[in-house]
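Below: one structure, written as structure tokens.
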Amino acid sequence: MSAAPGSVEVHDLRVQRGSRSRPVVALEGLDLSVASGSFVAIVGPSGCGKSTLLRVLAGLLVPDGGSAHVAGRSVAGRPGSCAWMPQRDALLPWRSVLDNAVLAALVGGEDPKQARRRALELLDRFGLGEVAPRWPAELSGGMRQRVAVLRTFLDPAPVLLLDEPFGALDALTRQELQGWLASVWEDAADGAPRRTVLLVTHDVEEALLLADRVVVLSAAPGRVVADHRVAHQRPRSPDLVGEPAFVADRAELLAALGVPRHPPVSGDGGRAPH
């Protein structure tokens, strides 16, 4: 039986960086299975290989060992199987917001008129219609991130890879865009199935608010040390963070990350150690 379009299978993955004389193992023996249409967050200490894993799945980095498959096909050295959003928005300054939004869809082979129509519909739907003709330099940081996320969603690939998309934003803007991202993903357009999302984040609360599962990686070389199922019903409100079940989930994840059990400092969001 063929694999589902948005399924992800990683087995015994090993990635080594650095020179031959001074190698650094980023990932070692990493196994991960993601069902099509699910939302998985990946947390772990800085330098544990979270972003490296996304680059492997994006086909931008060939692993030194093990395997990585999307929809049953190896992604090693094969860009295009997943839609990838790096930490910076990477909007092209010489293209308008609309032209930036449709870029991934055009690269994926979609008809230009259809791509622009879909982009305009999504821009309008999520409060960005008025900025469609503007240039990236005219937008706030939050607006730029919205456009970058929408561009990723417009990519026809069945798997979306989001590398800390809100990490550089202030707390209020980050909270707003977390809810916005959840609504974009939950409300699949035209009855289409939900796409698979892998989200890298340092923010444990963000992971619990957005994801179906939270996978915890160890310090480098990264491997899976915890796999937490999130039971909170959707849609989820930021008010959920004060509920006893949410507090317990956060404590469990922080313990897996090696963070001592004590009340968080106000405003830290329950962040993984750097």
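For the sequence shown, our numbering assigns the number 306 to the last residue and increments by one with no breaks. Note that the Cβ used here is the ideal one computed from N, Cα and C, for glycine as well.
Opposing strand residues paired with residue i [DSSP bridges]
i, result
"methionine 117", "Leu194"
"threonine 228", "Val191"
"glycine 211", "DSSP output for glycine 211 lists no bridge partner at all."
"arginine 149", "Answer by DSSP bridge pairing: none, since arginine 149 is not bridged."
"leucine 62", "Leu45"
"phenylalanine 278", "Answer is none; phenylalanine 278 lacks a bridge partner."
"valine 40", "Val66, Val102"
"alanine 73", "Leu231, Val246"
Inter-residue spacing [alpha-carbon to alpha-carbon] between residue i and residue j
i, j, result
"arginine 266", "arginine 49", "39 Å"
"glycine 91", "valine 246", "23 Å"
"arginine 227", "threonine 184", "11 Å"
"serine 65", "valine 256", "11 Å"
"leucine 62", "alanine 239", "20 Å"
"serine 298", "glutamate 142", "Model confidence at serine 298 stands at a pLDDT of 48, short of 50, so the residue's coordinates are unreliable; what they give is reported in the following sentence. Whole-angstrom Cα-Cα distance: 46 Å."
"serine 172", "histidine 234", "23 Å"
"alanine 169", "arginine 176", "9 Å"
"proline 95", "aspartate 244", "27 Å"
"serine 39", "glycine 112", "15 Å"
"glutamate 237", "alanine 280", "11 Å"
"glutamate 208", "glycine 199", "13 Å"
"alanine 263", "leucine 213", "19 Å"
"proline 276", "aspartate 202", "26 Å"
"arginine 149", "tryptophan 126", "21 Å"
"serine 78", "glycine 174", "24 Å"
"valine 75", "leucine 241", "13 Å"
Three-way DSSP call (helix, strand, coil) for residue i in this model
i, result
"glycine 254", "strand"
"valine 262", "coil"
"serine 298", "A caution first: serine 298 carries a pLDDT of 48, below 50, which makes its placement in the model unreliable, though a value can still be read off. Here serine 298 sits in coil by DSSP."
"valine 247", "strand"
"phenylalanine 158", "coil"
"serine 78", "coil"
"proline 55", "strand"
"arginine 46", "strand"
"leucine 20", "In the structure as shown, the chain begins at 33 and stops at 306. Residue 20 is therefore absent and cannot be evaluated."
"serine 99", "strand"
"alanine 133", "helix"
Residues near residue i in its chain [Cβ-Cβ closer than 8 Å; skip 5 each side]
i, result
"proline 118", "Asp195"
"glycine 81", "Val47, Ala58, Leu59, Leu62, Leu249, Ala252, Pro253, Gly254"
Own chain residues within Cβ distance below 6 Å of residue i, not counting five before or after
i, result
"leucine 323", "The structure shown does not extend to residue 323, since the chain is modelled only from 33 to 306, so the question has no answer here."
"arginine 52", "none"
"alanine 36", "Ser68"
"alanine 189", "Cys114, Ala115"
"proline 292", "none"
Residues of its chain near residue i, where Cβ-Cβ distance is below 7 Å and the 5 sequence neighbours each way are ignored
i, result
"serine 83", "Asp195, Val232"
"leucine 123", "Asn132, Pro168, Arg176, Val179, Ala180"
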